Amino acid sequence: MGTHRKKILFVGVIVTVAILLISLATIGVLYYLNRTSQDEILYSEVSVPVTIERDSEGIPFITADSADDAYLALGYIHARDRLFLMEYYRAIARSTISRLLGEKAMPLERLSAGLEIYPRAQILLRELPEKHKKYLNSY
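All residue numbers in the sequence shown are consecutive under the working numbering, ending with 141.
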């Protein structure tokens, strides 16, 4: 290998390591800010502002004047913190997980189709009391 190629390889490795370190630092800062953040939800769907505070461990605490507002805040927190997991579980329930993960997820997709998770959830939703449907819609 010539010296020119070695230099290019060396620079490539240095750039890759620098990008990796910057990425990790950014993730760390965002994680820290997320754990100690305070949000105020001002959506038109909320009757009065809802406050979400997090303790030093990142545990959220919701302050709301109504259950509907609290469920909306809970949905907001879950989407903010766990959106990929929510989409992952939704894809499993609907038997479409291979769209996210490719061919290797086909056994899981066949299993979830056989369990009929989504159709059964629709039946349960229809049978749910109106009060609980309202909470789910808020969420």
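Backbone N, C-alpha and C define an ideal beta-carbon position, used for all residues, glycine too.
Given the structure is predicted, the values throughout are model-derived calculations rather than measurements.
Distance between ILE29 and LEU23, taken at the CA atoms: about 10 Å. Between ASP71 and SER49 the beta-carbon gap is near 6 Å, inside 8 Å, which marks them as a contact. One thing to note: TYR78 has its Cβ no nearer than 8 Å to the Cβ of TYR137. Comparing C-alpha distances from TYR141 to each of ILE99, ALA69 and TYR90 shows the shortest one belongs to ALA69. Its chain contains SER97 as the residues whose beta carbon lies nearer than 7 Å to that of ALA115, once the 5 sequence neighbours on both sides are disregarded; these appear in chain order. Between the C-alpha atoms of LEU113 and TYR90 there is a straight-line separation of about 15 Å. Counted as a single uninterrupted DSSP element, the beta strand (DSSP E) harbouring ARG56 occupies residues 52 to 56. In the same chain as HIS80, and ignoring 5 residues on each side of it, the C-beta atoms closer than 7 Å to its own belong to MET88, in chain order. Excluding five sequence positions before and after MET108, the CB atoms of its chain that fall closer than 6 Å to its own CB belong to SER100, given in chain order. Nearest neighbour of ARG122 by Cα position, chosen from ILE10, ALA95, LYS133 and GLU111, turns out to be ALA95.
Counting the other Cβ atoms within 10 Å of the Cβ of ALA66 gives 16 or more, which makes it buried. Rounded to the nearest angstrom, the gap between the Cα atoms of GLU118 and ILE125 is 11 Å.
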